[in-house]
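> Structure below; questions to follow.
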Amino acid sequence: MEVRNYETVFILTPVLNESQVQETVEKFSQVLKENSADIINTEAWGLKKLAYPIQKKNTGYYFLVEFTGSGNIVDTLELAFRRDERIIRFLTTVMDKNAVAYAERRRKGEMNQQKAKPSEALA
């Protein structure tokens, strides 16, 4: 089966403490590793306000996981998300070659750098 690049964003309920949050993220990383996926990047975006209430909650802990694997890995991961009551939302997308290049540049920090103005470069 073909190996593809995937990106998953999931939101944890805000009532968890820091150790519970880390335990939950580690659980889903382990699900990926057990199913022979290679985790490329994991980012914790922190506690953010939701656009609309979900399960009577207005905030949630956001996490991003980039990984590579075969197609059945997504079904396995999403089943694990559905079974865990600490997850309030998740979204998994397949990344094309342009998205992979963009994500790599974003990880290196190239996206937030200001371009030098010609007048500043000469001074």
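Residue numbers (our numbering): 276 to 398.
For each residue, glycine too, the CB sits at the ideal point set by N, CA and C.
Bear in mind the structure is a predicted one, so any value in this text is a computation, not a measurement.
1. Reducing DSSP to helix, strand and coil, say where V278 ends up.
2. What residue range does the alpha helix (DSSP H) around A312 cover?
3. For D359, which of T283, M276, T299 and V284 has the nearest alpha-carbon?
4. In whole angstroms, what separates the C-alpha of V290 from that of A312?
5. May I ask you to report which of helix, strand or coil DSSP gives V369?
6. Tell me the residue span of the alpha helix (DSSP H) that contains L354.
7. By how many angstroms is the C-alpha of Q305 removed from the C-alpha of I314?
8. From the DSSP output, read off the bridge partner residues of E341.
9. Under the assumption that F285 contacts F356 (Cβ atoms under 8 angstroms), give the Cβ distance between them as a whole number of angstroms.
According to the structure data:
1. Position 3 of the sequence shown, counting from 1, holds the residue named residue 278. Correct three-state label for V278: coil.
2. Locating residue 312 in the sequence shown gives position 37, where the first residue counts as 1. The continuous stretches of alpha helix (DSSP H) do not include A312, and DSSP gives it neither H nor E.
3. By 1-based counting over the sequence shown, the position of residue 359 is 84. Of T283, M276, T299 and V284, the residue nearest in Cα terms is T299.
4. Sequence index remark: in the sequence shown, residue 290 carries index 15 (1-based). Sequence index remark: in the sequence shown, residue 312 carries index 37 (1-based). If I take the Cα positions, the gap works out to 29 angstroms.
5. Taking the sequence shown and counting its residues from 1, the one referred to as residue 369 is at position 94. Secondary structure of V369 (DSSP, three-state): strand.
6. For the purposes of this step, residue 354 is identified with residue 79 of the sequence shown, where counting begins at 1. Counting along the chain, L354 sits inside the alpha helix (DSSP H) bounded by residues N347 to R358.
7. Taking the sequence shown and counting its residues from 1, the one referred to as residue 314 is at position 39. Taking the sequence shown and counting its residues from 1, the one referred to as residue 305 is at position 30. A direct Cα-Cα distance of roughly 10 angstroms separates I314 from Q305.
8. For this step, residue 341 is matched to residue 66 along the sequence shown. Partner residues in the beta bridge of E341, as assigned by DSSP, are E282 and N316.
9. Residue mapping note: residue 285 aligns to position 10 of the sequence shown, counting from 1. Residue mapping note: residue 356 aligns to position 81 of the sequence shown, counting from 1. Indeed, because the Cβ distance is near 6 angstroms, the residues count as touching under 8 angstroms.
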